[in-house]
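Right, one structure below, let's go through it.
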Amino acid sequence: MSAEFSDERSEPRRLRVVVLLSGTGRTLENLINVRASGALAIDIVRVISTRKRVRGNDIARAADIPLTIVPRRKSESPSQFSEAVLAAIRQERPDLVLMAGFLSKIAISPDLVGRVMNIHPALLPMFGGQGHYGQHVHEQVLAAGVKVTGCTVHFVDDEYDAGPIIAQACVPVHDDDDVDSLAARVFAQERELYPHAIRLFAEDRLRIDGSLVRVLPPG
Ligand code: GRF
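Under the numbering used here, residues 2 to 220 are what the sequence shown spells out, in order.
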């Protein structure tokens, strides 16, 4: 961990976490690795995937994490899909739900407000919203000619990439970057930022105040 993200902290409680994914599962893999290193006190009690054949499912299986697949395409409607995901989440009674490359929208019910996080590969509210995912985000960042980008962890509401922001990290955009080099630099920051935000939650240091998340000091 970089010094920037290694907070002084009291012993965090162990969280029951459900991870939602749709793709390659690098975020899940990172969470598993950070947990194994002892730097993240979470139990990933279930992975819910929206696709049958993605690498993320293999990562879950290899780590012996129970996996539920809720194929979005087979759902009759967006609301039926959302209900199916919510039902699978609720069965686990998680403390926290982590979107990890999850490409769908779910309706955040009152019991889940402030308990679902997402990580986005840009500095929200720029380069966010429907259609801003994966490599597209970095293409848009390069096309805009901005000099810094980064990643954002936020609580999820009913819109894409719109909920209150918990933490952000910046990376420079270099003149000779392409999508791959920029994506790699951003993802290196994501590996630290998501565990950092999860620790803040575990330490009960996050308070939603309207559109703002206040981060309480340690202890
Ligand atoms: C990252 O860009 C992250 O910001 C976004 O999904 C990508 C990671 O996907 N939420 P995955 O974990 O490799 O499936």
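Where is the CB? At the ideal position from N, CA and C, for every residue including glycine.
Remember, predicted model here, so these are calculated numbers, not experimental data.
Taking only beta-carbon positions, decide if arginine 73 is within less than 7 Å of chain D. Here chain D cannot be found, since the structure has a single protein chain.
Check whether the Cβ of glycine 146 lies closer than 6 Å to any heavy atom of ligand 1, and answer yes or no. Mapped onto the sequence shown, residue 146 falls at position 145. Checking every heavy atom of ligand 1 against the Cβ of glycine 146, none is found closer than 6 Å.
Counting only the same chain and skipping the five closest in sequence on each side, list residues whose C-beta sits under 8 Å from that of valine 180. On the sequence shown, residue 180 is found 179 positions in, with the first residue counted as 1. So the list reads Gln136, His139, Glu140, Leu143, once near-sequence residues are dropped.
With a 10 Å radius around its C-beta and 16 neighbouring C-beta atoms as the bar for buried, classify valine 98 as buried or exposed. One-based indexing of the sequence shown puts residue 98 at position 97. Label assigned to valine 98: buried.
Once you ignore the five residues that flank arginine 206 on each side, which residues in its own chain have a CB closer than 8 Å to its CB? Walking along the sequence shown from the start, residue 206 turns up at place 205. So the list reads Val216, Leu217, Pro218, Pro219, once near-sequence residues are dropped.
Give me the residue from Ile209, Arg200, Val214 with the minimum Cα distance to arginine 17. Position 16 of the sequence shown holds residue 17. Taking only the C-alpha atoms, the option nearest arginine 17 is Arg200.
What is the DSSP secondary structure of alanine 168, reduced to helix, strand or coil? Position 167 of the sequence shown holds residue 168. It is a strand residue.
Please name the residue, chosen from Asp177, Arg91, Phe103, Asp159, that lies closest to leucine 29 on a Cα-to-Cα basis. Within the sequence shown, the letter at position 28 stands for residue 29. Among Asp177, Arg91, Phe103, Asp159, the Cα nearest to that of leucine 29 belongs to Phe103.
Could you spell out the range, first to last residue, of the beta strand (DSSP E) harbouring leucine 21? Translated into the one-based positions of the sequence shown, residue 21 becomes position 20. 16 to 22 is the extent of the beta strand (DSSP E) around leucine 21.
Quick one: measure Cβ to Cβ for proline 196 and alanine 40, integer angstroms, because I've assumed they're closer than 8 Å. One-based indexing of the sequence shown puts residue 196 at position 195. One-based indexing of the sequence shown puts residue 40 at position 39. Contact holds; Cβ gap of about 7 Å.
Indicate whether threonine 150 and isoleucine 166 have their beta-carbon atoms separated by less than 7 Å. Along the sequence shown, read from residue 1 onward, the residue named residue 150 stands at position 149. Along the sequence shown, read from residue 1 onward, the residue named residue 166 stands at position 165. It is not a contact, given that the beta carbons lie outside the stated cut-off.
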